[in-house]
Amino acid sequence: MKTTITLLLAISTLATVNLAAKSKPNAAGAPADPGWPRERTNEQGRLIYYQPQVDAWTNFKELNFRMAFSLTPKGGKEIVGILEVQA
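If you count the sequence shown from 1, you need to add 1 to reach this note's numbering.
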């Protein structure tokens with residue numbers, strides 16, 4: 002279970018970074034906001050992840066949040082879940 006959560010966190014982090022890098026600037030020069038939910042698809046399947054909900058951000062150092070996701074492996078059944086993160 003812990004490995005699955007770590008894997009999902011890595012996937013969502015990489016997807017977020019990848020989307021930010023590919024965002025095109027708008028007329029004001031700022032990156033375009035892709036909105037929520039966000040979707041990533043590759044040869045292994047599809048990941049849809051929803052806007053994180055912050056539960057606590059203590060002294061701007063400790064962050065606790067939850068994020069819903071839907072993971073559908075290619076040719077497989079959809080997996081729906083919630084990722085809880087304490088960092």
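All C-beta atoms, glycine included, are put in the ideal place defined by N, C-alpha and C.
Within 10 angstroms of the beta-carbon of phenylalanine 61 lie fewer than 16 other beta-carbons, which makes it exposed.
For aspartate 34, there is no enclosing beta strand (DSSP E), as DSSP marks it with neither H nor E. Short of 8 angstroms from the beta carbon of glutamine 52, and not among the five residues preceding or following it, lie these beta carbons of its own chain, in chain order: Trp37, Pro38, Met68. Looking at Gly46, Glu40, Ala33, the one whose alpha-carbon comes closest to that of lysine 75 is Gly46. Within the same chain, and ignoring the five residues on either side of phenylalanine 70 in sequence, the residues whose Cβ sits closer than 8 angstroms to its Cβ are Leu9, Ser13, Leu48, Ile49, Tyr50, Tyr51, Val81, Gly82, Ile83, Leu84. Rounded to whole angstroms, the separation of the alpha carbons of glycine 77 and glutamine 54 is 28 angstroms.
Annotation: the continuous beta strand (DSSP E) that includes glycine 46 extends over 46-50.
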